[in-house]
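Scroll down for the structure; my scribbles are underneath it.
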Amino acid sequence: MIFKLVGDGRPYPDHGLTHREWAQIPPRQVRLDSLITTKAMLDLHSLLAADSTFYGDLFPHVVQWQGELYLEDGLHRALRAALQQRSILHARVLELPN
C-alpha cells in the first residue's frame with residue numbers, strides 16, 4: 000500500500016494560502032502510508048516529465064485536518080518516492096484547526 004486512502008477532492012475547508020505563503024512553511028518528514036490523496040487520477044506525462052518540479056515547489060503540500068493528512072499538491076512527487084521504494088517524503092504541512 001502506498002497511501003492510506005485515495006481520495007477525490009478536498010474535504011477540508013479552503014485555506015486560501017498562496018504559493019508564497021506555502022513557501023514559508025518548513026518541510027518535514029511525512030510517511031507516505033499516512034497520506035490521503037485529494038486526486039484520484041494522475042497524468043502520466045506529469046509523473047514522467049524530467050522538469051515536473053521545475054516550475055513548482057520542490058516539496059509537496061499536505062493539509063492536516065481532523066487528525067488526517069491530505070496530499071493537496073505533489074502527487075507525482077509522492078509516487079516517484081514510492082517508485083524509488085522510499086516510505087518517507089519531505090513535505091510542507093499546513094495544520095488547519097478542526
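Using numbering that gives the first Met the number 0, you'd call the opening residue of the sequence shown number 0 and step up by one each time. Cβ coordinates follow ideal geometry from the N, Cα and C atoms, glycine included.
From the DSSP output, which residues share a beta bridge with residue i?
i	result
Tyr69	Ile35, Val62
Gln28	His89
Leu4	Ile35
Below 8 Å CB to CB, which residues in the same chain sit around residue i once its five sequence neighbours on both sides are set aside?
i	result
Ala103	Residue 103 is absent from the model: the chain starts at 0 and stops at 97.
Leu95	Tyr11, Pro12, His14, Val62, Gln63, Trp64
Quick check on DSSP: helix, strand or coil for residue i?
i	result
His75	helix
May I ask which residues mark the beginning and end of the alpha helix (DSSP H) holding residue i?
i	result
His14	Where His14 is concerned, there is no enclosing alpha helix (DSSP H), given that its DSSP letter is neither H nor E.
Arg19	18–22
Whose C-beta lies closer than 7 Å to the C-beta of residue i among residues of the same chain, with five residues either side of it excluded?
i	result
Gly8	Thr37
Pro26	Phe58, His89, Ala90, Arg91
Between which residues of its own chain and residue i is the CB-CB distance below 6 Å, once the five residues before and five after are set aside?
i	result
Asn97	Gln65
Quiz item: Using 8 Å as the Cβ pair cut-off and three pairs as the minimum, do the region 13–23 and the region 76–87 touch?
Solution: no
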